Amino acid sequence: AQSVTQLGSHVSVSEGALVLLRCNYSSSVPPYLFWYVQYPNQGLQLLLKYTSAATLVKGINGFEAEFKKSETSFHLTKPSAHMSDAAEYFCAVSRRGDNTGKLIFGQGTTLQVKP
Amino acid sequence: EAGVVQSPRYKIIEKKQPVAFWCNPISGHNTLYWYRQNLGQGPELLIRYENEEAVDDSQLPKDRFSAERLKGVDSTLKIQPAELGDSAVYLCASSSDTSNYGYTFGSGTRLTVV
Numbered sequence: 002a003q004s005v006t007q008l009g010s011h012v013s014v015s016e017g018a019l020v021l022l023r024c025n026y027s028s029s030v031p032p033y034l035f036w037y038v039q040y041p042n043q044g045l046q047l048l049l050k051y052t053s054a055a056t057l058v059k060g061i062n063g064f065e066a067e068f069k070k071s072e073t074s075f076h077l078t079k080p081s082a083h084m085s086d087a088a089e090y091f092c093a094v095s096r097r098g099d100n101t102g103k104l105i106f107g108q109g110t111t112l113q114v115k116p
Numbered sequence: 670e671a672g673v674v675q676s677p678r679y680k681i682i683e684k685k686q687p688v689a690f691w692c693n694p695i696s697g698h699n700t701l702y703w704y705r706q707n708l709g710q711g712p713e714l715l716i717r718y719e720n721e722e723a724v725d726d727s728q729l730p731k732d733r734f735s736a737e738r739l740k741g742v743d744s745t746l747k748i749q750p751a752e753l754g755d756s757a758v759y760l761c762a763s764s765s766d767t768s769n770y771g772y773t774f775g776s777g778t779r780l781t782v783v
């Protein structure tokens with residue numbers, strides 16, 4: 002069965018510092034991978050997704066993630082944190098070729114950005 | 670384009686009472702999902718519809734939960750009777766192309782059972 006693990010339920014960075022949110026997946030076949038952001042009292046918004054051969058994926062708001070098969074990882078990064086980045090971030094996985102759109106989410110990481 | 674609309678935004682009920690949530694997906698989106706998000710956790714799929722047909726309801730607790738999607742548009746999720754453990758955010762999402770994961774989530778309904 003597929004699963005996804007987000008290391009660190011809370012991450013705190015200073016404004017302007019590097020953001021690194023960790024995600025590892027468990028799957029016998031490389032899955033599709035996603036990062037979503039959730040602001041307070043709002044739904045989830047897609048940041049980026051990995052569904053093709055390009056292992057470095059660029060998303061919205063300056064975020065990017067790199068798929069590393071050897072490490073079964075899909076960590077999310079942003080070079081310089083902004084106060085508006087404070088939110089909860091979810092990594093999600095879906096079975097390649099599933100075509101149902103069903104997502105399995107990690108437990109989430111709350112990003113705090115300090116001035 | 671209007672997004673996925675859910676109502677109510679918040680609901681507080683006493684245990685053993687019934688409750689219903691409503692979702693209006695994006696026009697033209699054939700696939701509709703209901704997810705439950707417990708506090709401090711990621712969303713978990715409850716049910717998926719393709720048009721008016723529930724094609725995956727394996728995670729829906731059928732003893733107390735029910736859902737419908739009349740005419741393949743709006744959907745209602747119901748809990749009867751509610752239990753304390755049902756307190757969560759219930760998210761609706763819709764998609765026009767499941768193969769490309771073109772999801773749009775609604776803002777959710779936060780349910781508190783007291």
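Quick mapping for you: the protein sequence lines, in order, are chains A and B.
If you want our numbering, it's the position in the first sequence, counting the first as 1, plus 1.
If you want our numbering, it's the position in the second sequence, counting the first as 1, plus 669.
Every residue gets a Cβ at the ideal spot worked out from N, C-alpha and C, and that includes glycine.
Values in this document were obtained by computation on a predicted structure and should not be read as measured data.
Buried or exposed: where does residue i fall if 16 or more other Cβ atoms within 10 Å of its Cβ makes it buried?
{"i": "Glu89 of chain A", "result": "buried"}
{"i": "Val30 of chain A", "result": "exposed"}
{"i": "Val724 of chain B", "result": "exposed"}
{"i": "Thr619 of chain B", "result": "Given a span of 670 to 783 for chain B in the structure shown, any question on residue 619 of chain B remains unanswerable."}
{"i": "Thr773 of chain B", "result": "buried"}
{"i": "Leu718 of chain B", "result": "Contrary to the premise, residue 718 of chain B reads as Tyr rather than Leu in this sequence. Buried, since its Cβ has 16 or more Cβ neighbours within 10 Å."}
Could you spell out the range, first to last residue, of the beta strand (DSSP E) harbouring residue i?
{"i": "Leu77 of chain A", "result": "Ser74 to Lys79"}
{"i": "Arg733 of chain B", "result": "Note, Arg733 of chain B: premise wrong, no beta strand (DSSP E); not H, not E."}
{"i": "Glu67 of chain A", "result": "Glu65 to Lys69"}
{"i": "Leu48 of chain A", "result": "Leu45 to Tyr51"}
{"i": "Thr111 of chain A", "result": "Thr110 to Lys115"}
{"i": "Thr56 of chain A", "result": "Element bounds for Thr56 of chain A: n/a, residue is neither H nor E."}
Identify whether residue i lies in helix, strand or coil by the three-state DSSP scheme.
{"i": "Leu746 of chain B", "result": "strand"}
{"i": "Leu103 of chain A", "result": "Rather than Leu, the amino acid found at residue 103 of chain A in this sequence is Lys. It is coil, neither helix nor strand."}
{"i": "Ile61 of chain A", "result": "helix"}
{"i": "Leu739 of chain B", "result": "helix"}
{"i": "Ser28 of chain A", "result": "coil"}
{"i": "Ser696 of chain B", "result": "coil"}
{"i": "Lys85 of chain A", "result": "The sequence as given places Ser at residue 85 of chain A; Lys does not occur at that position. Ser85 of chain A: helix per DSSP, three-state reduction."}
{"i": "Leu8 of chain A", "result": "strand"}
Where residue i and residue j are concerned, what is the direct C-alpha to C-alpha distance, given to the nearest angstrom?
{"i": "Asn629 of chain B", "j": "Gly107 of chain A", "result": "This structure does not reach residue 629 of chain B, given that chain B is present from 670 up to 783, and the question cannot be answered."}
{"i": "Leu104 of chain A", "j": "Ile682 of chain B", "result": "29 angstroms"}
{"i": "Ser71 of chain A", "j": "Ala93 of chain A", "result": "18 angstroms"}
{"i": "Lys50 of chain A", "j": "Gly771 of chain B", "result": "10 angstroms"}
Using C-beta distances below 6 angstroms, list every residue in its chain close to residue i, excluding the 5 sequence neighbours before and after it, in chain order.
{"i": "Asp726 of chain B", "result": "Ile716"}
{"i": "Lys747 of chain B", "result": "Ala689 and Ser735"}
{"i": "Glu721 of chain B", "result": "Arg738 and Gly741"}
{"i": "Arg779 of chain B", "result": "Tyr679 and Val758"}
Please return the same chain residues whose Cβ sits closer than 8 angstroms to the Cβ of residue i, not counting the five positions on each side in sequence.
{"i": "Val742 of chain B", "result": "Asn693 and Pro694"}
In its own chain, which residues sit with a C-beta less than 7 angstroms from the C-beta of residue i, not counting the 5 before and 5 after it?
{"i": "Ser13 of chain A", "result": "Gln113 and Lys115"}
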